[in-house]
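Residue 207 in the working numbering sits at position 205 of the sequence shown, with consecutive numbering throughout.
Some notes on the structure that comes next.
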Amino acid sequence: MAWSTRRLAQLGGTTVKTVRHYHQIGLLDEPERAGNGYKQYGTAHLVRVLQIARLRHLGMGLAQIAELEHSDEAFAETLHQLDAQLAESISHQQQLRAEIAKLTLHRTTLDTPAGFAEVADDLTPADRAMIMISSQLFHAQGVRDMREIVADRQGADKEFDVLPANAGPDEIRDVAARLVPLLEAIYAEHPGLRTPPLSARTGDSLRDLNRAVTELYNPAQVEALRQSYLPARHPASTDEE
Numbered sequence: 003m004a005w006s007t008r009r010l011a012q013l014g015g016t017t018v019k020t021v022r023h024y025h026q027i028g029l030l031d032e033p034e035r036a037g038n039g040y041k042q043y044g045t046a047h048l049v050r051v052l053q054i055a056r057l058r059h060l061g062m063g064l065a066q067i068a069e070l071e072h073s074d075e076a077f078a079e080t081l082h083q084l085d086a087q088l089a090e091s092i093s094h095q096q097q098l099r100a101e102i103a104k105l106t107l108h109r110t111t112l113d114t115p116a117g118f119a120e121v122a123d124d125l126t127p128a129d130r131a132m133i134m135i136s137s138q139l140f141h142a143q144g145v146r147d148m149r150e151i152v153a154d155r156q157g158a159d160k161e162f163d164v165l166p167a168n169a170g171p172d173e174i175r176d177v178a179a180r181l182v183p184l185l186e187a188i189y190a191e192h193p194g195l196r197t198p199p200l201s202a203r204t205g206d207s208l209r210d211l212n213r214a215v216t217e218l219y220n221p222a223q224v225e226a227l228r229q230s231y232l233p234a235r236h237p238a239s240t241d242e243e
């Protein structure tokens, strides 16, 4: 006795709509029809539906399954590709688990940038936001350099953090002067940071970076950064004539 479309779908663990879709894309042969026009499916159709379900469970797309029809080599190659994709996915998930473990261990907050959980307690909200934005705009090496720098914060950096918005010119110059040797040391160890290490994929994002700085830090802090940036990038020569 032949099966109806509905019964075939039930036996195959799928839906009538899916069976019809398989017909439309050529994955499942059309069955014979009874005198009343109803489709009559046989065992071969059920086996095919179960085979497709098995391959879908392994992670294959319908287009991939269609290509496997007459080639054992294609099947083996597709399995190798799926295995490589799974390995990459597992590795990514393990990295995520490790990151979540660090976030949990250090009891970090929602605004903690990825990879900075261990030093998040020493960062101001503005710093965390700036790092998050910079991580999106910088290339990979720039982000690694930034992580190393944040892990080794120094006293002058702390003074910058507490510089009030209404600070006078002398106070701003004093903080800027303290920042210069700190920035010089950073640029000496990470010369790639003398100019923002922007990623090619984000285009010319210097304007975006500058906007973030001016909106996240108060005017006095922005001015201190401005006064310290150029002297630190181009320190005066101390060599004797």
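All C-beta atoms, glycine included, are put in the ideal place defined by N, C-alpha and C.
Check                                                                                                        : Outcome
Candidates E186, K19 and E79: closest to H236 by CA position                                                 : E186
Backbone secondary structure at L309 - three-state DSSP                                                      : Because the chain spans 3 through 243 in this model, residue 309 falls outside it and cannot be assessed.
DSSP-derived helix/strand/coil call for E79                                                                  : helix
Of the residues A128, F140, L184 and A153, the one placed nearest F118, counting alpha carbons only          : A153
Counted within 10 angstroms of its Cβ, other Cβ atoms place E243 as buried (16 or more) or exposed           : Bear in mind that the predicted position of E243 carries a pLDDT of just 38, short of 50, making it unreliable; the figure below should be weighed with that in mind. Burial call: exposed.
Completely contained alpha helix (DSSP H) runs for the segment 105-137, where each covers 4 or more residues : none
L208, DSSP secondary structure in three states                                                               : helix
The segment 213-220 touching the segment 128-143, judged by at least three CB pairs closer than 8 Å          : yes
Straight-line Cα distance separating M148 from D241                                                          : With a pLDDT of only 44 at D241, under the threshold of 50, the placement of this residue in the model should not be trusted, and no figure is reported.
CB of R180 within 8 Å of CB of E161, strictly                                                                : yes
Length of the line joining the Cα atoms of Q223 and D159                                                     : 11 Å
Three-pair Cβ contact test at 8 Å for the segment 71-91 versus the segment 107-117                           : no
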